[in-house]
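Read the structure below first, then the notes.
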Amino acid sequence: MLAFGYEQILTDSLRYWRTRFLVIPSDKRPEPRTATRGGKLLSEEEIRLLGMAELAARFTAARWLRQDDNAESHAPVKFIMTTLDPAASVSDDQLMAKLEETHHSGSLRKKPNSNRVLAEMSLEAIAVAMRMPDGMAIRDNRWHNAYYPDSFTGEEFVSWLLREFRDVSTREQGAEQGSKFEAQGLMRHCRGNYGFIDG
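To get the working numbering, take the position in the sequence shown, counting from 1, and add 9.
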């Protein structure tokens, strides 16, 4: 009922143990793809992660809506990545906090009365806005046992731009801005492998 949009409320009794969807990669090797900038090949894992984002976008586009609903009034479908098994997931406070944040805010929902225009801001002003308490989720991250302090994902950055700025209305625009800001030195890839990717 929830997956197809008939119900919008996820009750506490359903949230953690009755509604689980798992995405399991197939044995088939994905086709090589290059990053948006820099021309480097993505790894198989990165291609699968981008594929999961595309799958979530297709679920969002195919959602059934009532006649009086519009797509913008509901948060898009989003997969939250974890390496934990389902039983361990519900006891992981950080994962549950991310689930709650995703459920309540929605990654594309504009902030009420958000009148800021990205094109009118300097790089310094954007950096300050990113560090505000209600700004970007800049934190210490782990990826394959490597530790990355003060980091965020391209997906989180694009979602933040969509929420905060009146003149960014699509993920493609957000990714273009991310590439532009990276070229201007606002941020860089943790390992220096790729240009900016919404993922």
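Glycine is no exception: its CB is placed at the ideal position from the N, C-alpha and C atoms. Quick caveat: nothing in here was measured; it's all calculated off a predicted structure.
**OP:** Consult DSSP for Asp102 and reduce its assignment to one of helix, strand or coil.
**Re:** It is helical.
Subject >> Burial state of Ser52, where buried means 16 or more other Cβ atoms lie within 10 Å >> reply: Its Cβ having fewer than 16 others within 10 Å, Ser52 is exposed.
Original post:
What's the call for Gln103, buried or exposed, on a 16-neighbour Cβ count within 10 Å?
Top reply: Taking a 10 Å sphere around the C-beta of Gln103, we find fewer than 16 other C-beta atoms and assign the residue as exposed.
Original post:
Roughly how many angstroms separate the alpha carbons of Ser98 and Trp73, rounded to a whole number?
Top reply: Distance from the CA of Ser98 to the CA of Trp73, rounded to the nearest whole angstrom, comes to 29 angstroms.
Original post:
How many Å lie between Thr162 and Val126 at the Cα?
Top reply: Those two C-alpha atoms are separated by around 22 angstroms.
**OP:** Write down every uninterrupted run of the alpha helix (DSSP H) in the stretch 165 to 207 whose length is 4 residues or greater and which is fully enclosed by it, in chain order.
**Re:** Every alpha helix (DSSP H) of 4 residues or more that sits fully in the stretch 165 to 207 is shown, in chain order, as 180 to 192.
Original post:
For Tyr203, does the count of other Cβ atoms within 10 angstroms reach 16, so buried, or fall short, so exposed?
Top reply: Under a 10 Å Cβ-count criterion, Tyr203 is classified as buried, with 16 or more other Cβ atoms of the shown protein chains found around its own Cβ.
Original post:
When you compare only the Cα positions, how much space is there between Glu191 and Lys37?
Top reply: A straight line joining the alpha-carbon of Glu191 with that of Lys37 spans about 33 angstroms.
Subject >> Run of the beta strand (DSSP E) containing Arg67, from where it starts to where it stops >> reply: Careful: Arg67 lies outside any beta strand (DSSP E), inside the alpha helix (DSSP H) at Glu53 to Ala70.
Original post:
Taking contact to mean at least 3 C-beta pairs separated by less than 8 angstroms, is the stretch 138 to 150 in contact with the stretch 164 to 184?
Top reply: Cβ pair count under 8 angstroms is three or more, so yes.
**OP:** Tell me, please, which residues DSSP counts as bridged to Ser123.
**Re:** None, per the DSSP bridge assignment.
**OP:** With a cut-off of 8 angstroms on the beta carbons, I'd call Val86 and Ala65 a contact; round off their distance for me.
**Re:** 5 angstroms between Cβ atoms; contact.
**OP:** Look at the alpha carbon of Arg128 and the alpha carbon of Arg172, and state the distance between them as a whole number of angstroms.
**Re:** Note on residue identity: the sequence assigns Ala, not Arg, to residue 128. If you take the alpha carbons of Ala128 and Arg172, they lie about 15 angstroms apart.
Original post:
For Gly187, does the count of other Cβ atoms within 10 angstroms reach 16, so buried, or fall short, so exposed?
Top reply: Label assigned to Gly187: buried.
Original post:
Taking all protein chains shown into account, do 16 or more other C-beta atoms lie within 10 angstroms of the C-beta of Leu93, making it buried, or fewer, making it exposed?
Top reply: Exposed, by the Cβ-count rule.
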